[in-house]
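Down below is the structure, laid out as structure tokens.
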Amino acid sequence: METAVFIVCALIVLSGAIGVVMSRNPVHAALSLVATLFGIAVLFLNLGAQLLAVVQVIVYTGAIVVLILFVLMLLGVDEDEDLETEPIVGQRVVAVLIGLVLAGAVLAVIIIGKDAAVTGAHSATAAISPTVANVVQIGQQLFTTYVFALEITAGLLTIAVVGAVLLSRRPKDLQPIPEPESMTEMGDDPLTVTTEEAAH
Amino acid sequence: MADEAALDGADATDSDATPEVAPEELFGTLLTHSGGQLVLHPSRETYPALLRTLHEAGYFSIIDLCGVDYLTHPGRSGVPASVSTERFEVVVNLINHQQRSRLRLRLQIPADDARLASAFDLYPGTEAMERETFDMFGISFDGHPDLTRILMPEDWPGHPLRKDYDPGRIPVQFKGAPANR
Amino acid sequence: MIAAASSIAAATVSGDPLLAGHIDLVIVLIVILKVVVIFGLMLVATMLMIWFERKVVSDLQNRVGPNTAGPFGILQTLADGIKFFFKEDLKPARAQMRVFILAPFLTVVPAFLLFTIVPFGGDFSNGHDGSVELFGHTTYLQLADPAIGILFALALSSIAVYGVMLAGWSSGSKYPLISSVRASAQMVSYEAALGLSVCSVVLVSGTLSTHGMVMAQAGEGWFSFIPHWNIIAAGVVPFVVFLLASQAELNRPPFDLVEAEQELVGGYHTEYSSIRFALFFVAEFMNSVTMAAIIVTLFLGGPAGPAILGPGWLWGIFWFLLKVLAFLFLFVWIRSSVPRVRYDQLMDLGWKVLIPLSLGWVILLATYYVARDQHWNGVITIALGAALGLTGYGLLRFAIGTSRVKRLQGVVE
Amino acid sequence: MTTTHDAPINLAQTSEGAQELSSRDVIAGAERLRELGAVLRLSESEALNAELEQTPDEETMIINMGPQHPSTHGVLRLMLELQGETVLRCKPIIGYLHTGMERTGETLTYLQGPTNVTRMDYAAPLFTELAFSLTVEKLLDIEVPERAVWIRMLMTEMNRISSHLLFMATNGMDLGAVSMMLYGWREREEALRFLQEVTGLRMNHNYIRPGGVAADLPDGWRDSILRLLDMLPPRLDEYDVLMTNQPIWRERLQGVGAISTEECLALGVTGPILRSTGYNWDLRRDMPYMAFDQVDFDVVVGSYGDCFDRFAIRLAEIRESMKIVRQCLEKMPKGDYRIQDKKVTPPPRARIDESMEALIHHFKIFTEGFKVPEGEAYVAIESPRGELGCYIVSDGSPNPYRMHVRAPSFVNLQTLPHLMHGNLLADAVAIISSVDPILGEVDR
């Protein structure tokens with residue numbers, strides 16, 4: 004049963020991954036990514052890591068790919084991209100080379116390491132105990148053994164957010180025309196502020 | 148018969164009397180009265196300058212601008228004798244909110260050169276009205292930013308409010324529908 | 029689709045005693061029976077919900093509403109469904125056809141799946157654990173009770189957005205496109221607020237399982253139930269946040285920007301017709317029912333309630349339906365009385381109010397529990413925590429105010 | 002008749018191609034001035050040089066709102082250039098309801114005229130009838146009887162109430178307050194019921210005619226009005242709860258679509274939009290016609306010129322109109338409801354049975370119409386949407402030589418590009434609604 008689920012999911016994951024690369028339409032590529040992520044979530048389930056599976060769906064399919072699609076739609080990149088021109092010269096050759104090197108590395112690890120590298124164990128760090136709840140195990144691991152890594156990751160993400168905000172700020176924003184002075188006298192009513200704020 | 152004679156007489160005295168009284172003027176333009184309202188009769192050339200004067204005098208709004216085609220009624224009333232009448236007239240209604248007064252301009256536009264300076268620069272509110280007048284009478288307005296048809300379809304032939312325009316001859320156009328008239 | 033759900037549920041099941049031991053044919057049949065019953069009930073409930081909404085709205089608006097098909101017009105939805113089924117299915121020429129066809133199913137499948145984790149009956153009074161006897165087996169009156177229960181609901185609602193987004197995008201039309209852009213931003217924003225308010229509940233209940241939550245909120249007698257409810261135990265704040273965020277998540281007024289008729293014609297389903305449109309319609313109302321059920325489970329004790337006479341599980345169903353109906357009425361009431369908010373106001377509400385509020389509340393609750401476990405002085409800890417939270421919120425408001433002033437100055441210069 | 006008709010019509014040519022927003026890089030100064038409504042604020046050279054949102058075209062989207070759209074109040078079509086959800090430019094395109102009513106007016110007699118003009122502003126039909134009738138009466142140089150004047154005032158104010166109630170309904174609907182739509186219509190229906198009692202029709206009454214009104218007020222009209230006047234105030238208070246004091250409602254409208262007095266005057270805008278900028282101008286009070294100088298009412302003005310002010314002004318104007326209606330009720334004089342001038346007024350029904358002359362006269366006045374002295378006249382009244390003027394040129398025949406109606410909505414629509422600039426798409430809907438255009442009047 005587990006094997007059957009694994010084979011089906013692996014097929015979904017792989018075909019999704021190929022779809023991401025091969026799709027000419029960026030939205031189709033993003034959808035293929037969803038298939039891959041979903042397949043991985045089911046693989047997590049298959050391994051008994053329920054929490055990870057759900058988090059995978061919530062965070063990756065539910066938030067990240069949605070954001071990717073959001074950007075795609077907002078920018079209206081719905082036409083087929085021109086594949087003839089390469090933004091960076093020779094990037095395809097380099098990409099193929101790097102891909103081959105990575106694949107070779109993975110193969111090498113499997114071949115050299117034999118059973119030692121691919122043990123079939125549920126997890127490389129801690130075995131999932133069937134009796135203790137999933138959430139408890141992950142929580143304990145995260146906040147004891149890996150608390151430093153967790154904090155570093157949090158810090159990294161915060162820095163990334165701040166950086167993104169800084170980058171997206173435009174020093175000279177829209178420059179609308181100043182509002183003309185109205186013939187009517189604007190009182191000291193607090194409403195004045197709202198009016199002007201919203202008018203811009 | 149007696150009535151007719153009396154009427155003739157009245158007419159005669161009227162036409163006799165007009166040259167004696169100097170024509171009334173306002174803002175350097177001929178002025179007449181119509182139903183209690185002031186009517187000015189500027190020429191096409193003096194129109195832009197008059198508008199500027201009026202704007203300074205507090206006539207901040209052109210409330211209405213429309214055309215009239217006097218093709219079948221050339222002897223119109225209310226126009227002073229010194230003004231030579233033309234086929235078209237553009238009637239502009241201005242309002243002075245401070246003095247609560249209205250002013251009407253009647254501009255004579257000849258049929259062979261149906262054009263007038265646009266009031267858009269001073270009175271942007273005439274944008275749609277001038278377009279409508281163009282659409283309906285074919286009077287073009289120099290200096291109008293976007294003088295296209297406004298009520299009729301883009302490619303409509305003719306100007307429907309001209310008196311020599313025969314309504315009903317042109318089939319109503321729906322895209323793709325055969326013209327069956 | 030339900031079969032798929034049950035296989036996931038079976039793989040993740042933890043609580044249901046039915047699946048604890050050896051699984052034989054009877055148990056499989058019981059599960060299938062549950063699936064079929066829930067599927068049918070959901071369809072009927074959706075039908076009734078559409079009728080209920082139209083009827084209540086029309087009452088609130090001084091008009092009659094559906095009154096011809098069946099008694100009180102109750103069959104109106106059925107008639108509409110039949111009509112939709114026989115309507116011509118228009119396919120826009122510029123649509124991305126495969127995605128266009130897929131999108132309605134992407135909305136309707138999560139809507140069905142969502143109900144699997146809702147406990148809708150059972151006797152929770154006097155210490156009973158809500159289990160019932162069915163063909164000689166003990167089971168819960170809910171399709172699945174995975175350990176990660178409520179997270180499953182969040183995951184499904186985050187998938188549900190795909191249907192809306194892709195429908196809008198694939199239509200090849202501009203209004204639906206704007207709608208799907210709105211949908212994606214809105215869903216991602218309110219998912220966060222939704223999740224954070226669920227966090228408070230999880231903290232209080234100590235479990236992610238929906239059955240466990242209902243158990244935690246059960247009590248004895250008539251009025252001992254109510255103090256256990258999370259609406260009180262977790263404070264009112266998470267409840268309010270969840271209620272608001274769920275309205276946004278459901279695209280219901282006043283947060284129905286995605287299909288704001290006055291602005292975007294029909295929103296994402298502008299180009300849809302016939303049964304495909306009906307699927308969106310069904311999914312939307314089904315989600316309303318399910319969301320009401322989830323609110324009831326999270327905050328009002330689900331089916332837990334006193335059993336007076338007769339079988340307790342029937343009382344459980346009765347209490348559950350009563351609470352759900354109350355919420356459905358509330359939804360309809362809100363819909364008929366408030367104008368729609370604007371897109372930027374919606375985002376402001378989500379990011380500047382609801383998310384900081386629910387985050388602060390989670391931290392405050394956590395502080396309280398830590399203080400209790402460590403035997404600190406509860407009052408002082410809470411006061412400190414609250415003061416810190418308020419300071420943080422004040423700083424946030426200040427920052428927002430400053431940025432607004434700066435923006436205005438930049439505009440003026 | 003002329004060569005224009007002989008020109009073959011190429012149906013394939015029928016396109017609205019030229020009615021497009023011009024591309025951003027070919028915008029001339031005047032074009033930019035026009036689209037921003039900025040004539041008053043920037044000189045042409047400044048506008049050319051100013052770096053006004055030089056957005057590349059890829060980031061903007063042109064969207065057609067209308068002519069079939071739920072919130073464009075009929076067949077208004079707006080071309081919006083959007084950047085995200087922000088409206089950069091807007092171009093109203095009208096004419097979809099153009100039926101040549103001004104031309105039709107030239108073929109109808111003065112007595113038939115009101116049936117034509119009443120179809121222009123279909124939400125406030127009595128006002129167009131009134132403007133037409135007043136103009137004709139001015140050309141005829143006649144005074145209508147006192148009672149007719151007061152009946153006209155009563156009826157138009159009732160019509161103003163119903164028109165503003167319709168605005169309440171549509172404004173609510175446009176902002177998503179669906180219940181408000183039905184409440185507004187419910188109350189409007191009550192007002193229309195009274196109009197129907199008097200005129201026989203809910204809309205397009207053809208009630209106010211040159212020389213007076215079509216019929217006297219029916220029995221029991223006082224009770225109907227009093228019932229209405231009792232019913233409306235609590236309902237209006239309900240609107241305050243539902244809308245005026247609703248935080249979401251205020252958020253949606255306050256500060257949205259602001260316009261200044263100068264801009265309004267330059268654009269020729271009148272009515273509630275002008276008053277919302279704080280400009281104290283109401284033709285009923287400032288250039289009184291009929292007997293408005295004898296009634297006591299307030300002219301409601303706003304302060305900020307935004308959508309909320311326009312909404313609040315209209316709500317307050319309902320209350321003011323009710324005040325006027327109440328005064329009409331008290332001051333309604335006895336007498337004739339139409340002028341007893343044989344030239345203008347058809348003989349009473351009873352006389353037709355007795356007198357051959359009356360029958361002939363009746364026949365003549367309805368077939369041939371009455372002749373109006375040569376001349377031209379412009380009369381303006383304050384309709385619910387602003388100054389409604391009628392300009393008639395008479396050549397002495399029974400038909401107007403030229404009939405032109407200055408429709409307030411037609412002019413007010415010009416504010417849309419200015420009001421919408423820089424606002425969100427959702428605000429665009431609120432702005433259209435707050436301008437309250439009636440397309441029948443715009444296109445005529």
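Chains as they are written, first to last, in the numbering used here: chain B, 4 to 203; chain U, 148 to 328; chain A, 29 to 441; chain X, 2 to 445.
Just so it is clear, CB atoms sit at the ideal spot from N, CA and C, and this is done for glycine as well.
Being a predicted model, the structure only gives us computed values, none of them experimental.
Using a cut-off of 8 Å between C-beta atoms, extract the partners of residue i located in chain A.
| i | result |
| --- | --- |
| X:Trp222 | Simply none; closest approach about 26 Å. |
| X:Glu252 | Val369, Arg370, Gln373 |
Does the separation of the CB atoms of residue i and residue j fall below 7 Å?
| i | j | result |
| --- | --- | --- |
| X:Glu318 | X:Val302 | no |
| X:Asn207 | X:Thr136 | no |
| X:Val118 | X:Leu98 | no |
| B:Val23 | B:Ser35 | yes |
| X:Phe168 | X:Gln255 | no |
| X:Cys329 | X:Leu155 | yes |
| B:Val60 | A:Ala172 | no |
| A:Lys115 | A:Ser302 | yes |
| X:Ile314 | X:Pro273 | yes |
| A:Pro367 | X:Ala427 | no |
| A:Thr74 | A:Phe267 | no |
| U:Gly225 | U:Ser181 | yes |
| A:Glu287 | A:Ser185 | no |
What did DSSP end up calling residue i once you bin it into helix, strand or coil?
| i | result |
| --- | --- |
| A:Leu337 | coil |
| U:Leu269 | coil |
| A:His156 | coil |
| U:Tyr312 | coil |
| B:Met4 | coil |
| X:His206 | coil |
| A:Glu161 | strand |
| U:Glu172 | strand |
| X:Glu198 | helix |
| U:His202 | helix |
| X:Thr416 | helix |
| U:Ile256 | strand |
| A:Gly422 | helix |
| A:Gln290 | helix |
Just to make sure I have the definition right: I need the residues of chain A whose C-beta is within less than 7 Å of the C-beta of residue i. Which are they?
| i | result |
| --- | --- |
| X:Pro71 | Glu289, Gln290, Val293 |
| B:Leu72 | Met193, Ser212 |
| B:Gly166 | Residues of chain A passing the Cβ test: none, with the nearest at roughly 17 Å. |
Could you tell me which residues DSSP pairs with residue i in its beta bridges?
| i | result |
| --- | --- |
| U:Cys213 | U:Val238 |
| U:Ala264 | U:Asp289 |
| X:Cys391 | X:Val380, X:Val406 |
| U:Ser248 | U:Asn243 |
| X:Leu425 | X:Thr87 |
| X:Glu82 | X:Ile63, X:Arg90 |
| X:Arg339 | X:Gly213 |
Taking residue i as the query, report the chain U residues whose CB atoms sit under 7 Å from its CB, ordered along the chain.
| i | result |
| --- | --- |
| X:Leu266 | Phe207, Ser208 |
For residue i, which residues in chain X fall below 7 Å Cβ to Cβ?
| i | result |
| --- | --- |
| A:Asp372 | Leu425 |
Give me the chain X residues within the contact set of residue i, using Cβ-Cβ distance strictly less than 8 Å, ordered along the chain.
| i | result |
| --- | --- |
| A:Gln89 | Val179, Ser180, Leu183, Tyr184 |
Listing by chain order, which chain B residues have their CB less than 7 Å from the CB of residue i?
| i | result |
| --- | --- |
| A:Ser208 | Met76 |
Below 8 Å between beta carbons is the criterion; list the residues of the region 380–396 of chain X that meet it against any residue of chain U, in chain order. Legend: CB atoms of the region 380–396 of chain X lying less than 8 Å from CB atoms of chain U belong to residues Ala381, Glu388, Gly390, Tyr392, Val394, Asp396.
Along the region 90–113 of chain X, what residues have a CB closer than 8 Å to any CB found in chain U?
Cβ contacts with chain U come from Ile95, Gly96, His99, Gly101, Glu103, Arg104.
Chain-ordered residues of the region 125–140 of chain X with a beta carbon less than 8 Å from chain U: Hits within the stretch, in order: Lys139, Leu140.
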